[in-house]
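Trainee: What follows is a single structure, and I will ask about it in a moment.
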Amino acid sequence: MDLDDDLPRKGDDPLARLLQQDLGPLSMSELEKRVAALEGEIARTRRKMESAATHKASAEALFKR
Numbered sequence: 002m003d004l005d006d007d008l009p010r011k012g013d014d015p016l017a018r019l020l021q022q023d024l025g026p027l028s029m030s031e032l033e034k035r036v037a038a039l040e041g042e043i044a045r046t047r048r049k050m051e052s053a054a055t056h057k058a059s060a061e062a063l064f065k066r
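Structure, rendered in structure tokens:
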């Protein structure tokens, strides 16, 4: 399995562009800000996933009645 198999396929995908960015020119401060922003985005994404799972479970429970 290639490590790139899980990456988005579209060339204009923001995540693909983010993953290809050269981190070399960034200062420690910029890198720390980047990590904080990415951690915030991870938390936001996890909350959305939890919300979607809860919504799905509620819908399934409703239609199983």
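Just so you know, our numbering puts 40 at position 39 of the sequence shown, and the rest follows in order with no gaps. Just so you know, even glycine gets a beta-carbon here, dropped at the ideal spot from N, CA and C.
So, at 6 Å on beta carbons, what are the nonlocal neighbours of S1 in its own chain, with the 5 sequence-adjacent residues on each side left out?
Mentor: Because the chain spans 2 through 66 in this model, residue 1 falls outside it and cannot be assessed.
Trainee: Considering only C-alpha positions, which residue in the set L63, L39 and E51 is nearest to L20?
Mentor: L39
Trainee: Just confirm the distance between the C-beta atoms of G18 and L27, as a whole number of angstroms; I'd bet it's less than 8 Å.
Mentor: First, the amino acid is wrong: residue 18 is Arg here, not Gly. Not confirmed; about 15 Å, so no contact.
Trainee: What distance in whole Å lies between the Cβ atoms of L24 and L32, which are believed to be in contact at a cut-off of 8 Å?
Mentor: Going by Cβ atoms, the distance from L32 to L24 rounds to 7 Å, so yes, they are a contact pair.
Trainee: My output table needs one value for P26: the three-state DSSP class, helix, strand or coil.
Mentor: Three-state DSSP puts P26 in coil, outside helix and strand.
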